[in-house]
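Encoded as structure tokens, the structure appears first; notes follow it.
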Amino acid sequence: MKKIFPILLILTAACHPHHGSNSKSKYKELTNQVKNKVSVKEVFNKDNFVEWTETKAQPFLVEKVWNEAKENGCKSCHSGFALSKMKGKKHKRAHWNIVLKHADSKIMNCTTCHNDDEVWRFKVGKSKVHANKSAKTCMQCHFKQANDWELGSHGKRSVGWQTERAIKSCTSCHNPHRPVFGKRVPKLAPYRPENNEERL
Amino acid sequence: MKGLRERLKSFLGLEESENPSKFDFLGRKKQSRRGFLKDATTTAGIGASIMGVGASTLIGEEEKEKLSLSWENYFKSNYKYMSKRDRKKAVKRLERLAKLKRDENVSISDKDAIPGVLFGYAFNISKCEGYMDCIKACLEENNLDRKSNMQYIKVFEVENGTLSVENGDNHFFHETPTDEHFYMGTQCMHCENPPCVPVCPTEATWKENDGIVVVDYDWCIGCRYCEAACPYEARRFNWAEPEVSSDQLTTNQHYLGNRRKAKGVMEKCTFCIQRSREGENPACVEACPTGARVFGNLLDPNSEIRKIIETKKVFRLKEELGTEPKFWYYMD
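Written out as structure tokens, the structure is:
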């Protein structure tokens, strides 16, 4: 028995990650979904959301807008020198497609929101915040919209009405460099039932 | 004396018993008028149709199945009064018919209202920009007639300073948004007290337990009384056979929702019953690029729609009529 015991211990330890409490809770979650008849087709995956607890309203989930590939893209050029030094003609060919139409050009520039050394992080006062929580940067000025967004009258749901509240982030809908929705032609011609030839 | 009366009552079948017998007082199997008609005509009908198609020996098995299914489909009851078993049967029949007639693999749901749910809708008039993405999504989701470009949703361009749809224009087609205007969408308001329901002579339209006003397309006779009764002009009539090509068809359907409709039948917005009863948002809500449309459960105090009604200035269209629409307009 004394010889077997350590082997058993090792075996249980090895099995743990597969049959541990984690997979059990996941199974429970799935069965609960079936019981509650939640059948949102796009399976509600919490990994795609960040929890938003810093609110007066009920805590909710916010869609992630950032991933590592994007961050690596930034890092490939922006590591090593500050963003404020990039002004001027020499670097103007970078990001040629970005037109900043956000408030007055005298007020807003790259470094109003982007951090000087780590451009993929955003400024909230003097501190930095992760891109998935970049809504906090927006909230500094747009406090009225932020209030509505937290309560539910501004913004949009990411998944259906039945799951817990999971909503889109500011930059899921608005282009931060050009936040106003522009003018465009409607998607469809208006309905005219008189166009129908067979009408009596 | 008493005993004789009771005996007479039971003989005439007037007695009220707890378990109504399946046989009448002559011992024959009880049958409804509809059921009798169906049984009597099924065989005759199939025979006649076969004669019409050609020599009875040349007819294929599929053709026979199609004919008998269509015949049974013709004699089904009102969905409102169908038992669960009959609903399942009717759905199976329609699915099979879609496969046989047009080679379409559709799945038709007969899902009931979710208990504890009352659907409500909110529309932000300061956010809508008149892009009409909602109308396009609705047309595609609900398999609406592509020929007449049928639309459940109307978006009105209203001048700033007024707040009435009467002065608005819903036939605009130019770049939006324009200056000095705001946009206001209307569709079926799913009234708590719907004026379109009591006027229907065949009970083909009713309000479901989750507040959705639906139409049984196979029970509608196309009299258009409901269209006249609706103060929001939310109902649409199929003047011709609706045209939707098989590759554009939304195959995820509901019996009371987006399945194929026939000529001469009313139809209307159902809050995308095939989506909303599965926990999804209606197609218009999902398509809206500005987030002007909010959908949710009015009985859930934490839902967005409840928060909007509690915290925002809201109004409803033609409130003075007492129809209690479950469609609120609000502004920032």
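Just so you know, the sequences run in chain order R and A.
Residue numbers for the first sequence follow the numbering used here, so the first one is 1 and each next one is one higher.
Residue numbers for the second sequence follow the numbering used here, so the first one is 201 and each next one is one higher.
Here a beta-carbon is modelled for each residue, glycine too, at the ideal position from N, C-alpha and C.
*Spatial neighbours of phenylalanine 471/A within its chain, please: CB distance less than 6 Å, with the 5 preceding and 5 following residues excluded, ordered by chain position.*
On the second sequence, residue 471/A is found 271 positions in, with the first residue counted as 1. Closer than 6 Å at Cβ, skipping near neighbours: Phe319, Ile412, Pro482.
_Residues bridged to threonine 165/A (per DSSP)_ = For residue 165/A there is no data in the structure shown, the boundaries of chain A being 201 and 532.
*Same chain, Cβ closer than 7 Å to lysine 513/A, neighbours up to 5 away in sequence not counted*: Residue numbering aside, residue 513/A sits at position 313 when the second sequence is read from its first letter. Cβ within range, chain order: Tyr530, Met531.
_Whole beta strand (DSSP E) elements within the stretch 414-493 of chain A, 3-residue minimum_ = 435-437, 452-454, 466-468
_By the DSSP assignment, the beta strand (DSSP E) with isoleucine 308/A in it spans what residues?_
Residue numbering aside, residue 308/A sits at position 108 when the second sequence is read from its first letter. Here the beta strand (DSSP E) through isoleucine 308/A covers 307-309.
*Does the Cβ of alanine 236/R have 16 or more other Cβ atoms within 10 Å, making it buried, or fewer, making it exposed?*
Residue 236/R is absent from the structure shown; chain R starts at 1 and stops at 200.
_Using a Cβ-Cβ cutoff of less than 7 Å, which residues in the same chain neighbour valine 129/R once the five nearest sequence positions on both sides are dropped?_
In the first sequence, residue 129/R corresponds to position 129, counting from 1. So the qualifying residues of the chain are Arg121, Phe122, Lys136, Thr137.
*Could you tell me if alanine 492/A is buried or exposed, where buried requires 16 or more neighbouring beta carbons within 10 angstroms of its beta carbon?*
Position 292 of the second sequence, counted from the first residue, corresponds to residue 492/A. Buried is the call here.
_Candidates Gly361/A, Trp419/A, Thr523/A, of which the one nearest phenylalanine 275/A by Cα_ = Numbered from 1 along the second sequence, position 75 holds the residue referred to as residue 275/A. For the residues Gly361/A, Trp419/A, Thr523/A, the minimum Cα distance to phenylalanine 275/A belongs to Trp419/A.
*Starting from threonine 490/A, find everything on chain R with Cβ-Cβ shorter than 9 Å and list it in chain order.*
One-based indexing of the second sequence puts residue 490/A at position 290. The contacting residues are Lys156, Cys173, Phe181.
*Just the C-alpha distance for tryptophan 271/A and asparagine 45/R, rounded to the nearest angstrom, thanks.*
By one-based count along the second sequence, residue 271/A stands at place 71. By one-based count along the first sequence, residue 45/R stands at place 45. Roughly 46 Å between the two C-alpha positions.
*Considering only the beta carbon of each residue, do asparagine 182/A and arginine 293/A sit closer than 7 Å?*
Since the first residue of chain A shown is 201 and the last is 532, residue 182/A is not available in this structure.
*Say whether chain A places a C-beta atom closer than 7 Å to the C-beta of serine 134/R.*
Numbered from its first residue, the first sequence carries residue 134/R at position 134. Cβ-Cβ to chain A under 7 Å: no for serine 134/R.
_Quick check on this structure: which residue in Pro442/A, Ala429/A, Arg477/A, Val399/A has the alpha carbon closest to the alpha carbon of asparagine 343/A?_
Here residue 343/A refers to the residue found at position 143 of the second sequence. Among Pro442/A, Ala429/A, Arg477/A, Val399/A, the Cα nearest to that of asparagine 343/A is on Pro442/A.
*Taking only beta-carbon atoms, is proline 59/R less than 7 Å away from chain A?*
To locate residue 59/R, count along the first sequence from 1; it is residue 59. By this cut-off, proline 59/R is not an interface position.
_Using a 10 Å radius around the Cβ and a threshold of 16 neighbouring Cβ atoms, would you call threonine 55/R buried or exposed?_
Here residue 55/R refers to the residue found at position 55 when the first sequence is read from its first residue. Exposed.
*Proximity of tyrosine 279/A and aspartate 416/A at Cβ, strictly below 7 Å*: Residue mapping note: residue 279/A aligns to position 79 of the second sequence, counting from 1. Residue mapping note: residue 416/A aligns to position 216 of the second sequence, counting from 1. The answer is yes: Cβ separation under 7 Å.
*When you compare only the Cα positions, how much space is there between arginine 516/A and asparagine 393/A?*
Position 316 of the second sequence, counted from the first residue, corresponds to residue 516/A. Position 193 of the second sequence, counted from the first residue, corresponds to residue 393/A. Distance between the alpha carbons of arginine 516/A and asparagine 393/A is about 14 Å.
*Taking only beta-carbon atoms, is valine 65/R less than 7 Å away from chain A?*
Counted from its first residue, the first sequence places residue 65/R at position 65. Chain A, which has no Cβ nearer than 7 Å to the Cβ of valine 65/R, makes this no.
*Between which two residues does the alpha helix (DSSP H) carrying alanine 189/R extend?*
Start at 1 with the first residue of the first sequence, and residue 189/R comes out as number 189. Per DSSP, alanine 189/R belongs to no alpha helix (DSSP H) and is neither H nor E.
*Could you tell me which chain R residues have their CB closer than 7 Å to the CB of aspartate 333/A, listed as they occur along the chain?*
Sequence index remark: in the second sequence, residue 333/A carries index 133 (1-based). Within 7 Å Cβ-Cβ: Lys187.
*Which one or two residues does DSSP pair with aspartate 369/A in a beta bridge?*
The count along the second sequence starts at 1 and reaches residue 369/A at position 169. Glu357/A, per the DSSP bridge assignment.
*What residues from chain R crowd round aspartate 532/A, counting only those whose CB sits closer than 9 Å?*
For this step, residue 532/A is matched to residue 332 along the second sequence. Under the 9 Å cutoff, chain R gives Lys144, Gln145, Asp148, Ser153, His154.
*Determine which residues of the stretch 334-354 of chain A have a Cβ less than 8 Å from any Cβ of chain R, and write them out in chain order.*
Ile335, Lys336, Leu339, Lys347, Ser348, Asn349, Met350, Gln351, Lys354
*Any contact of the stretch 355-374 of chain A with the stretch 398-409 of chain A, i.e. 3+ C-beta pairs under 8 Å?*
no
*Could you please give the first and the last residue of the uninterrupted beta strand (DSSP E) stretch that includes valine 124/R?*
As a working mapping, residue 124/R is identified with position 124 in the first sequence. First-last of the beta strand (DSSP E) with valine 124/R: 122-124.
*asked:* Quick test of your reading: valine 465/A and asparagine 438/A, contact by CB under 8 Å. State the CB separation rounded to the nearest angstrom.
replied: Taking the second sequence and counting its residues from 1, the one referred to as residue 465/A is at position 265. Taking the second sequence and counting its residues from 1, the one referred to as residue 438/A is at position 238. Rounded, the Cβ-Cβ distance is 5 Å, consistent with contact.
*What residues in its chain sit with their C-beta under 6 Å from that of lysine 518/A, if we drop five residues either side in the sequence?*
The sequence position of residue 518/A within the second sequence is 318, counting from 1. Once the five neighbours on either side are set aside, the close Cβ partners of lysine 518/A are Pro431.
_Segments of 3+ residues assigned as beta strand (DSSP E) that fall wholly inside the stretch 40-87 of chain R_ = 49-52, 60-63
*Option in Arg346/A, His374/A, Met389/A, Ser364/A with minimal Cα separation from glutamate 524/A*: As a first step, residue 524/A must be located in the second sequence, where it is residue number 324. Checked all of Arg346/A, His374/A, Met389/A, Ser364/A; the closest Cα to glutamate 524/A is Met389/A.
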